[in-house]
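The structure appears right after this line, and notes come after that.
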Amino acid sequence: RRVLFRSSQVSQIGNDCPSAKTTMEENSCISLAGQQTKRDFATFYGSLRSLLRQSAEAGGRLNSSQEDWEHYAQKACDAIDSFSRRGTIRPSAVAACRIQLTRSRMQDLDALYFTTLHH
21 RRVLFRSSQV SQIGNDCPSA KTTMEENSCI SLAGQQTKRD FATFYGSLRS LLRQSAEAGG
81 RLNSSQEDWE HYAQKACDAI DSFSRRGTIR PSAVAACRIQ LTRSRMQDLD ALYFTTLHH
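Numbering (the numbering used here), first residue to last: 21 to 139.
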């Protein structure tokens, strides 16, 4: 019943692409990091959902909060996209936004559901 938080995601904060030397390398690397973060979140969230399956209400409320979070994350990263629209770093900036917010969401859910996830 125990689900471990993806601490590997947290340890990557600020360290996703340390060897990227060019904007093209950064964009490519951060894209891969974003894909891994998305997969890790899906695994984490799926495990949490399965632990909450005993309560349809709790699961439904979690899903609702996730939909709201997705809307928030999209808006926040749209703002980054608008800000960096003319720059070559734009893809990296938008991907980094999504990575950061997803990692933060995992941390928040891990803390909020700590007893459920770790006992």
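Ideal Cβ positions, reconstructed from N, Cα and C, are used throughout, including at glycine.
- prompt: What are the complete alpha helix (DSSP H) segments, minimum 4 residues, inside the segment 39–112?
  reply: 43–71 and 76–103
query: Between the C-alpha atoms of Leu72 and Thr57, what's the straight-line distance to the nearest angstrom?
result: Reading the sequence shown from its first residue, position 52 is the one you call residue 72. Reading the sequence shown from its first residue, position 37 is the one you call residue 57. Computed Cα separation, rounded: 22 Å.
task: Could you tell me if Asp36 is buried or exposed, where buried requires 16 or more neighbouring beta carbons within 10 angstroms of its beta carbon?
output: As a position in the sequence shown, residue 36 is number 16, starting the count at 1. Asp36 comes out buried.
query: Does the distance from the C-beta atom of Arg118 to that of Trp89 stay below 7 Å?
result: By 1-based counting over the sequence shown, the position of residue 118 is 98. By 1-based counting over the sequence shown, the position of residue 89 is 69. In this structure, Trp89 does not lie closer than 7 Å to Arg118 by Cβ.
task: Find out if the Cβ-Cβ distance for the pair Ile50, Ala99 is shorter than 7 Å.
output: Residue 50 sits at position 30 when you count from the first residue of the sequence shown. Residue 99 sits at position 79 when you count from the first residue of the sequence shown. Not closer than 7 Å, so no.
- prompt: Would you call Phe134 buried or exposed, if buried means 16 or more other Cβ atoms sit within 10 Å of its Cβ?
  reply: Here residue 134 is taken as the residue at index 114 of the sequence shown, counted from 1. Phe134 is exposed by the Cβ-count criterion.
task: Assign Gly66 to buried or exposed, taking buried as 16 or more other Cβ atoms, counted over all protein chains shown, within 10 Å of its Cβ.
output: Along the sequence shown, one-based indexing puts residue 66 at 46. With fewer than 16 Cβ atoms within 10 Å of its Cβ, Gly66 is classed as exposed.
query: Between Ser112 and Asp130, what straight-line distance do the alpha-carbon atoms span, to the nearest angstrom?
result: To locate residue 112, count along the sequence shown from 1; it is residue 92. To locate residue 130, count along the sequence shown from 1; it is residue 110. Going by the C-alpha atoms only, they are around 26 Å apart.
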